[in-house]
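Asker: Quick one: this structure, given as structure tokens, is what I'll be asking you about.
Residue numbers (full-length UniProt numbering): 1 to 453.
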């Protein structure tokens with residue numbers, strides 16, 4: 001009897017172990033190469049062990065170890081594919097089936113009530129409605145197209161920034177990032193002009209120096225969010241409960257607090273515009289959206305045009321155009337200071353083409369190939385978001401010999417793509433000439449590759 005009981009227990013344990021192996025360790029058929037799934041922490045824990053600060057570098061190590069350009073992982077319940085090659089990335093990014101977005105906790109914590117809102121982190125009909133509306137109507141005010149008025153506004157902001165830097169700092173907040181020994185803090189110095197440029201698109205007005213402290217604070221809140229979040233959704237997307245455990249509470253509060261600060265700033269400017277809103281006389285993009293909120297006929301008793309959707313939609317435009325661009329400009333300045341020969345050549349080209357009594361405009365772009373090459377090289381070598389925005393497969397597809405199952409996460413390792421030796425030769429070297437041919441003209445093939453940045 002004891003023997004039978006022992007055999008039964010052994011069979012149960014064996015069956016349990018086999019089922020555990022099938023559901024938690026065994027890789028799906030025709031899945032890209034990668035490590036076996038570890039129990040509970042799966043491959044996300046392995047990435048943290050390899051490089052907890054830069055997960056994209058950990059993924060690159062694994063891809064190199066398995067000698068693959070398409071790495072297959074499992075990120076705590078999410079089958080995931082990480083692409084390390086630019087050609088493959090461009091092919092996959094054209095597939096509409098991969099346009100989805102995962103419902104990660106990082107996307108939820110951006111909203112007060114933890115609802116999915118905005119443009120960058122949603123999919124489905126709501127994403128289509130919001131993306132079309134934002135792109136269509138922001139274009140009317142200069143976004144994404146040539147506009148002489150918009151260019152004049154940008155030029156005016158640059159003049160005002162120079163004036164602020166060269167005149168006495170009459171406001172206390174200015175002395176925080178403009179030092180008396182002619183030292184300025186980056187990226188703070190760029191936040192005011194960049195945010196004012198955005199505001200002129202959104203609400204048709206700008207903040208003067210007396211009110212610009214709130215622009216600095218909004219930009220810093222955006223930076224707080226960007227610096228503490230990561231491309232993989234942070235550990236909170238896979239273990240949401242860990243935000244209550246020290247020391248993870250501190251970083252969570254920075255992410256959440258930074259985003260709430262940005263939203264509060266946007267709510268303030270939206271509420272002010274609502275006080276004088278006239279649906280028959282829209283003055284700017286926010287008015288156009290408010291009018292759509294009134295007139296839109298909802299489907300299935302729920303409209304996608306809501307107040308909190310406007311706030312997060314604007315946040316998805318504000319963060320990259322202000323906080324993100326300010327960091328990219330700061331890295332460009334650093335590269336130029338470290339490479340004075342590039343700075344000198346770039347300045348000489350501008351001096352030869354542009355009169356000293358004006359600023360360069362987009363009309364000068366065709367005659368400034370080295371300047372454009374320098375900007376593209378900066379974007380390439382200092383990739384702002386190393387793995388881009390996470391995509392989700394909305395249905396089963398096949399790419400070459402690999403199966404990509406529905407709800408698989410896809411990350412495109414832009415940092416690795418921008419450092420491919422077979423494309424760039426010496427990718428770790430800051431060399432703008434790589435974008436130029438022997439005649440000094442821009443190389444179109446390199447420009448196409450760099451557009452994944």
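The C-beta atom is built at its ideal place from N, Cα and C for all residues, glycine as well. Predicted model only: the values in this text are computed from it and were never measured.
Taking C-alpha atoms, which residue in 317, 229, 303 lies nearest to residue 285?
Answerer: Closest by alpha carbon: 317.
Asker: Can you tell me where the alpha helix (DSSP H) with residue 266 in it begins and where it stops?
Answerer: Residue 266 -> alpha helix (DSSP H) spans 248–275.
Asker: Along the chain, where does the beta strand (DSSP E) containing residue 144 start, and where does it finish?
Answerer: Run containing residue 144: none; DSSP gives neither H nor E here.
Asker: To the nearest angstrom, how far is the alpha carbon of residue 459 from that of residue 444?
Answerer: Residue 459 is absent from the structure shown; the chain starts at 1 and stops at 453.
Asker: Measuring alpha carbon to alpha carbon, tell me which of 203, 251, 197 ends up nearest residue 282.
Answerer: That would be 203, whose Cα lies nearest to the Cα of residue 282.
Asker: Mind checking if residue 215 is an interface residue toward chain B, Cβ cutoff 7 Å exclusive?
Answerer: The structure shown contains no chain B; it holds only a single protein chain.
Asker: Going by the CB atoms, is the gap between residue 426 and residue 304 shorter than 7 Å?
Answerer: Cβ distance not < 7 Å, so residue 304 and residue 426 don't count as in contact.
Asker: Flag this pair as yes or no: are the beta carbons of residue 229 and residue 270 separated by less than 7 Å?
Answerer: Cβ distance not < 7 Å, so residue 229 and residue 270 don't count as in contact.
Asker: Candidates 150, 61, 66: which alpha carbon is nearest residue 198's?
Answerer: It is 150.
Asker: For the alpha helix (DSSP H) holding residue 232, just list the boundary residues, first then last.
Answerer: Unbroken run through residue 232: none, as it is neither H nor E.
Asker: For the beta strand (DSSP E) containing residue 399, list its first residue and its last residue.
Answerer: From DSSP, the beta strand (DSSP E) with residue 399 extends over 397–399.
Asker: Considering only residues of the same chain and omitting the five flanking positions on each side of residue 173, which have a CB-CB separation below 8 Å?
Answerer: If we look at residue 173 and ignore the five residues flanking it on each side, its Cβ neighbours are 212, 213, 216.
Asker: Is the Cβ-Cβ distance between residue 413 and residue 378 less than 7 Å?
Answerer: Going by C-beta atoms, residue 413 is not nearer than 7 Å to residue 378.
Asker: Count the other C-beta atoms from every protein chain shown that fall within 10 angstroms of the C-beta of residue 274, then say buried if there are 16 or more, exposed otherwise.
Answerer: By the 10 Å Cβ count, residue 274 comes out exposed.
Asker: Please report the distance separating the alpha-carbon of residue 208 from that of residue 165.
Answerer: C-alpha separation (whole angstroms): 14 Å.
Asker: Would you kindly work out how many angstroms separate the C-alpha atoms of residue 86 and residue 34, rounded to a whole number?
Answerer: Spanning the two alpha carbons is a distance of roughly 19 Å.
Asker: Which partner residues of residue 402 appear in the DSSP bridge assignment?
Answerer: Answer is 399.
Asker: Out of 155, 47, 362, 321, state which residue places its alpha-carbon closest to the alpha-carbon of residue 74.
Answerer: That would be 47, whose Cα lies nearest to the Cα of residue 74.
Asker: With H, G and I counted as helix, E and B as strand and the rest as coil, what does DSSP make of residue 79?
Answerer: Here residue 79 sits in strand by DSSP.
Asker: Would you check if there are 3 or more beta carbon pairs closer than 8 Å linking the segment 60–69 to the segment 355–365?
Answerer: No: the two stretches stay apart, fewer than three of their Cβ pairs being nearer than 8 Å.
Asker: Terminal residues of the continuous alpha helix (DSSP H) containing residue 350?
Answerer: 340–353 is the span of the alpha helix (DSSP H), which, as asked, contains residue 350.
Asker: For residue 241, count neighbouring Cβ atoms within 10 angstroms of its own Cβ and tell me buried if that reaches 16, exposed if not.
Answerer: By the 10 Å Cβ count, residue 241 comes out exposed.
Asker: Could you compute how far the alpha carbon of residue 184 sits from the alpha carbon of residue 178?
Answerer: C-alpha separation (whole angstroms): 5 Å.
Asker: Quick check: the segment 124–141 against the segment 321–340, are there 3 or more CB pairs under 8 Å?
Answerer: No, because fewer than three Cβ pairs between the segment 124–141 and the segment 321–340 fall closer than 8 Å, the two stretches do not touch.
Asker: From what residue to what residue does the alpha helix (DSSP H) around residue 105 run?
Answerer: Residues 105–108.
Asker: May I ask you to report which of helix, strand or coil DSSP gives residue 67?
Answerer: If DSSP states are grouped into helix, strand and coil, residue 67 belongs with coil.
Asker: Rounded to whole angstroms, what's the CA-CA distance from residue 124 to residue 59? Just pull it up for me.
Answerer: One C-alpha to the other measures close to 29 Å.
Asker: How is residue 17 classed by DSSP in three states: helix, strand or coil?
Answerer: Interpretation of residue 17 is limited by its pLDDT of 49, a score under 50 that renders its predicted location unreliable; the figure taken from the coordinates is listed afterwards. Three-state DSSP puts residue 17 in a helix.
Asker: Any idea what DSSP makes of residue 178, helix, strand or coil?
Answerer: In this structure, residue 178 counts as strand in the three-state DSSP scheme.
Asker: Where do the N-terminal and C-terminal ends of the beta strand (DSSP E) with residue 412 fall, by residue?
Answerer: Per DSSP, residue 412 belongs to the beta strand (DSSP E) from 409–412.
Asker: Is the beta carbon of residue 221 sitting closer than 7 Å to the one on residue 189?
Answerer: Not a contact, by the Cβ cut-off of 7 Å.
Asker: Can you find at least 3 beta carbon pairs, one from the segment 77–86 and one from the segment 392–407, that sit closer than 8 Å?
Answerer: Yes: the two stretches touch, three or more of their Cβ pairs being nearer than 8 Å.
Asker: Going by C-alpha to C-alpha distance, which of 393, 398, 385 sits closest to residue 56?
Answerer: The option with the nearest alpha carbon to residue 56 is 385.
Asker: Whose C-beta lies closer than 8 Å to the C-beta of residue 421 among residues of the same chain, with five residues either side of it excluded?
Answerer: Counting only Cβ-Cβ distances below 8 Å, and skipping sequence neighbours, we find 427.
Asker: Can you list, in chain order, the residues of its chain with a C-beta nearer than 6 Å to that of residue 193? Leave out the 5 residues immediately preceding and following it.
Answerer: Once the five neighbours on either side are set aside, the close Cβ partners of residue 193 are 157, 161.
Asker: Would you report the Cα separation of residue 253 and residue 111, rounded to the nearest angstrom?
Answerer: Going from the Cα of residue 253 to the Cα of residue 111 covers about 14 Å.
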